[in-house]
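Undergrad: At position 53 of the sequence shown the residue is numbered 53 (UniProt numbering), and the sequence of numbers has no breaks. Starting off with a structure, shown below.
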Amino acid sequence: MSARIHNIGIDCHDTYALAGFWAQVFDCPRQPDDQPGDPEAMLLPPGGPEVLFLAVPEGKSVKNRLHLDLEPVDRTRDEEVARLLAVGAVQVDDQRRPDGTGWVVLADPEGNEFCVLRSAAERAATTG
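This is the structure:
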């Protein structure tokens, strides 16, 4: 017997606002009954586990022990980084290399780090 991921929980101060940011990242709506000030908010990204935002009183103080690696579906890594910066992400680190490999570390509006990798098409173009 095995297990599967039911949801990914993200601790935050403002569940509704942070769910709104990630709804733009995943291009999916918030749960219709979620409201500002709710202690929880939920996203149901197509093809992925639910993402649950949970209100906690403490702030983030150290680097994430778990983070998401995102792979663009219909654009390049650099186009996706630009899109995410435009919707409120902040660049934390740039590990892109001259040969096109590498990734970019971004943070959401509450400081949770995540990486943007190359798309499958970009990887296929460089592997021959």
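Yeah, the Cβ is synthetic: ideal placement off N, Cα and C, and Gly gets one too. Just so it is clear, the structure is predicted and the values come from calculations on it, not from any experiment.
1) When you compare the segment 105–114 with the segment 80–91, are there three or more beta-carbon pairs, one atom per stretch, that lie closer than 8 Å?
2) Nearest to D34 by CA position, among V25, T15, V56, Q24, is which residue?
3) Here's the rule I'm using: 16 or more other beta-carbon atoms within 10 Å means buried, otherwise exposed. How should A120 be labelled?
4) Name the two residues that bound the continuous beta strand (DSSP E) containing Q91.
5) Would you call the segment 31–47 and the segment 60–79 touching, i.e. three or more CB-CB distances under 8 Å?
TA: Taking the coordinates as given:
1) yes
2) Along the sequence shown, one-based indexing puts residue 34 at 34. Answer by Cα proximity: T15.
3) By one-based count along the sequence shown, residue 120 stands at place 120. A120 is classed as exposed because its beta carbon has fewer than 16 other beta carbons within 10 Å across all chains shown.
4) Stepping through the sequence shown from its first residue, residue 91 is reached at position 91. Per DSSP, Q91 belongs to the beta strand (DSSP E) from 90–94.
5) no
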